[in-house]
Every structure is written in C-alpha cells, then in structure tokens.
Amino acid sequence: MKPAEWAARHRSGPLDVVVTGLQSDAHTWNLIYIQLLLEDLGHKVVNLGSCVPEDEIVESCCKFQPDLLVVSSVNGHGFNDAEPLIGAIRSRWELTGLPAVIGGKLGVSGAGEEEADALMRAGFDAVFQDGVDIAAFESYVDSLPKEVER
C-alpha cells in the first residue's frame, strides 16, 4: 500500500483486535476463549487461528490495521517464537505503534519474570503469564484508547 492510503481514521467505540497463535502452537481453545472474551467486552475480533506463520501475522496486521494484537501460546514455546515475531512487527513502519500483547504458557517449564522482561524489551507492550488473573488482561484492554487516529 502507498502511504497515502493510510488516511487518518477517527473512530469512537470498540477496538479492532487481531488474535493469533504462534507458528509452533496448534492449540485453538485459547484463541476461541480470547475471541469470545473480547467480543463480550464489545470489541471486533479477527482470529487468525493456530500455527500461523510469522509473515502471515505481520501481513494480516498490515491488512486489518488493528488497534491491538493479541498473541496466545499454550504449548510452552511462546517465548522462542514471540521474539522474532515482535521484531518483524516492529520493523514495519505501519505497525510500529500497534499495541501488542502476549500471554499463556510462554516456556516449557513456565516462563519467569526474566523471560517476560525480555519480551517487553523486544517490543511487546504487555506480557500475561500463564495463571495470571484474566482481569489483568481485561484491565489492559480497557486502558487502550477507544478513539484512534492513524
């Protein structure tokens, strides 16, 4: 797309959210749960599904221009797959300001604060560890501006 096609978008109301799994994660129940939760909160969701290649996630974010990217992992490989993904997201000029979060089982033996900090330094805006109260995620989503200007 040409830069001229990225006209300012003024909107008040629900967020447009892309929900996705990582390329090595075949689980879908977590993605459906997150989709239903976000829809119950009044947001619009595009669920890319499980086993999504990195380039497909990036291109989908460029296409849909969401207000939030939610990445979920259940298999414990989230940390390994997430760093390159957020690097690819942040390397695209049109996605540099996209709020991006990750959650779930991010390490085989459970990711700790060190891994969460590394994902934040890599470019994620929030990391929700396995077992974190869902209210923390809902609070984060509620904190995002409902009026978006791009």
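Under UniProt numbering, the residues of the sequence shown are numbered 1 to 150, in order. Just so it is clear, CB atoms sit at the ideal spot from N, CA and C, and this is done for glycine as well. Remember, predicted model here, so these are calculated numbers, not experimental data.
Original post:
So which of G123, L106 and S139 has the shortest CA-CA distance to R92?
Top reply: For the purposes of this step, residue 92 is taken as the residue at position 92 of the sequence shown. Out of G123, L106 and S139, G123 has the C-alpha closest to the C-alpha of R92.
**OP:** Please state whether DSSP places V127 in a helix, a strand or coil.
**Re:** Your numbering for residue 127 matches position 127 in the sequence shown. The answer is strand: DSSP assigns V127 an E or B state.
**OP:** Report back the beta-carbon spacing between V127 and G103 to the nearest angstrom; my notes put them in contact at under 8 Å.
**Re:** Position 127 of the sequence shown holds residue 127. Position 103 of the sequence shown holds residue 103. Correct: roughly 7 Å between the Cβ atoms.
**OP:** Could you tell me how far apart the beta carbons of T28 and V52 are, in whole angstroms, since I believe they sit closer than 8 Å?
**Re:** Residue mapping note: residue 28 aligns to position 28 of the sequence shown, counting from 1. Residue mapping note: residue 52 aligns to position 52 of the sequence shown, counting from 1. 11 Å between Cβ atoms; not a contact.
Subject >> Reference D25; option with closest CA among E138, G49, Q129 and F137 >> reply: Locating residue 25 in the sequence shown gives position 25, counting from the first residue. Considering only alpha carbons, the answer is G49.
Original post:
Expressed to the nearest angstrom, what Euclidean distance is found between the alpha-carbon atoms of V18 and A88?
Top reply: In the sequence shown, residue 18 corresponds to position 18, counting from 1. In the sequence shown, residue 88 corresponds to position 88, counting from 1. Spanning the two alpha carbons is a distance of roughly 16 Å.
**OP:** Report the rounded CA-to-CA distance for F64 versus L15, giving the unit in angstroms.
**Re:** As a first step, residue 64 must be located in the sequence shown, where it is residue number 64. As a first step, residue 15 must be located in the sequence shown, where it is residue number 15. C-alpha separation (whole angstroms): 12 Å.
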